[in-house]
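Enquirer:
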Amino acid sequence: MADGSFEVYVAKENLKFNAAHFIAYPGFRERLHGHNYQVTVRLEGDLGPDGYVIDFGLVKQATKRVCDALDEYTLLPAQSDCLRITVEGESVEAVYEDGSRFVFPATDVMLLPIVHTSAEELARYVAGQVRAELLAVGARPWRRLEVSVAETRGQSATYSE
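The sequence shown begins at 762 in the numbering used here and counts up one residue at a time.
Laid out in C-alpha cells, this is it:
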C-alpha cells in the first residue's frame, strides 16, 4: 500500500459569525461595516486505528464555539498601530490618528489580540482558538491546521500552522 496523507475538511453552514469591523492602518481607515463571516477548517494528520484523522464532530463543535464567541460583536484590534483604544466603565472608545472617534458599549465589543481586523489576522486568531478548543477536549495530535475566514462568497483568507 502506498504511503499518502490524510486530511479532514469541515465547511458547514453554521460555522459562521456576524461582526462589524473596520480596517485601520497608518494613513488609511475604512468606514465601519459588517460581514457574515464563514469559517472552514482543514486538519492534516495520521490515520488512527479507528480510521479517523480526527472526529468531524470534535472539529465542528470546537469551531462552532469559536464562531459563537465572535458572533454579533464589533471587532477591535487591541494591538493596533494607529488606533488608541480605551475601556472606561461601560464604554470602549477607539480614536484613529486623524481624530475620528468611535464609542461603543463595552458589551458590544470584542477586543482581539491582533493589529488589524483583516480576514488574514482573523484567520490566524480563529486558528489559535480552534487549536485551543481541540486540545482542551483531548483531540489526537495533527500535523497541520488550516483555517479560512471568508468575508463574503469567493473572498477569503487562509492561515495554516
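Where a beta carbon is used, it is the ideal one built from N, C-alpha and C, also for glycine. Note that the structure is a prediction, hence the values are computed from the model and not measured.
Given a cut-off of 8 Å on the beta-carbon distance, is the pair aspartate 869 and threonine 835 in contact?
Expert: Counting from one through the sequence shown, the residue named residue 869 turns up at place 108. Counting from one through the sequence shown, the residue named residue 835 turns up at place 74. Cβ atoms of aspartate 869 and threonine 835: closer than 8 Å.
Enquirer: Counting only the same chain and skipping the five closest in sequence on each side, list residues whose C-beta sits under 8 Å from that of arginine 862.
Expert: Position 101 of the sequence shown, counted from the start, is the residue given in the question as residue 862. The answer, listed in chain order, is Glu854, Ala855, Val856.
Enquirer: Ordered along the chain, which non-local residues of its own chain (more than five positions away) have a Cβ less than 7 Å from that of threonine 847?
Expert: To locate residue 847, count along the sequence shown from 1; it is residue 86. Excluding positions up to five away in sequence, the list reads Glu854.
Enquirer: So what's arginine 885 in DSSP terms, helix, strand or just coil?
Expert: On the sequence shown, residue 885 is found 124 positions in, with the first residue counted as 1. The answer is helix: DSSP assigns arginine 885 an H, G or I state.
Enquirer: For alanine 785, write down the residues that DSSP places opposite it in a beta bridge.
Expert: Within the sequence shown, the letter at position 24 stands for residue 785. Note: alanine 785 sits in a beta bridge opposite Arg790.
Enquirer: Kindly list the residues whose CB is nearer than 8 Å to the CB of alanine 839, restricted to its own chain and excluding five residues on each side of it in sequence; keep chain order.
Expert: Locating residue 839 in the sequence shown gives position 78, counting from the first residue. Excluding positions up to five away in sequence, the list reads Ile846, Leu872, Leu873, Pro874, Ile875.
Enquirer: How long is the line joining the alpha carbons of valine 891 and glycine 850, rounded to whole angstroms?
Expert: Residue mapping note: residue 891 aligns to position 130 of the sequence shown, counting from 1. Residue mapping note: residue 850 aligns to position 89 of the sequence shown, counting from 1. Their Cα atoms are separated by approximately 31 Å.
Enquirer: Alanine 867: which of Glu833, Ala893, Leu804 sits nearest, CA to CA?
Expert: For this step, residue 867 is matched to residue 106 along the sequence shown. Ranking the options by Cα distance to alanine 867, first place goes to Glu833.
Enquirer: Who are the near neighbours of cysteine 843 in its chain, counting only those whose CB is closer than 7 Å to its CB and skipping five residues on each side?
Expert: The residue given as residue 843 occupies position 82 in the sequence shown. Contacts found: Ala785, Tyr786, Pro787, Tyr857, Glu858.
Enquirer: Let me check one thing: in DSSP terms, what residues is glutamate 894 bridge-paired to?
Expert: Counting from 1 along the sequence shown, the entry for residue 894 is found at position 133. Paired residue(s): none; glutamate 894 is not in a bridge.
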